[in-house]
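Numbering (our numbering), first residue to last: -14 to 148.
Just so you know, even glycine gets a beta-carbon here, dropped at the ideal spot from N, CA and C.
These numbers were taken from a predicted model, which means no experiment stands behind them.
Worksheet: the structure to be examined is printed underneath.
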């Protein structure tokens, strides 16, 4: 979206598609080599579904409220913050520590975007920055082979009452 907000050359429009296609092909090749137990796959799918549903509802709420607050120009920044925040529970629940970095980068980009007064510059900055942040996050995740830490136990999640 950031490229479309500028008067870029047609060749520049191809770059996001080429990078994304390259990452998708690399992931599909790597996925074939990684055996994931069915129970883990269902658990991860459920957790990602919950986080994504909350993210989607928050984005819908932003689209409903921002125009009423005369802040529709800030939608890209707010959505980037929402997408970043959705990585926090995933980082904890899966657990996948690199997602904390993804969250921090996206939230920082969104918050910084809120300080940019020119809407076109804001869109370019936030969208291109978010694309790079997500590409880097995806690359790191692929490079580490989808390794997750051990899921937290109930004991780790619930404070002890005996102390």
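- Message: Please report the straight-line C-alpha distance between residue 39 and residue 68, rounded to a whole angstrom.
- Response: 10 Å
- Query: Quick one, which of 11, 97, 126 and 103 has its alpha-carbon nearest residue 87's?
  - Reply: It is 126.
- Message: Quick check on residue 76: buried or exposed, where buried means 16 or more other Cβ atoms within 10 Å of its Cβ?
- Response: Label assigned to residue 76: buried.
- Message: With the cut-off set at 7 Å, would you say residue 108 and residue 61 are in Cβ contact?
- Response: yes
- Task: Would you kindly work out how many angstroms separate the C-alpha atoms of residue 145 and residue 78, rounded to a whole number?
- Result: At residue 145, the pLDDT of 47 sits below 50, so the modelled position is not reliable and the matter cannot be decided from this model.
- Task: Assuming residue 99 contacts residue 115 (C-beta within less than 8 Å), just tell me the rounded distance between them.
- Result: At roughly 14 Å, the Cβ-Cβ gap does not stay under 8 Å, so residue 99 and residue 115 are not in contact.
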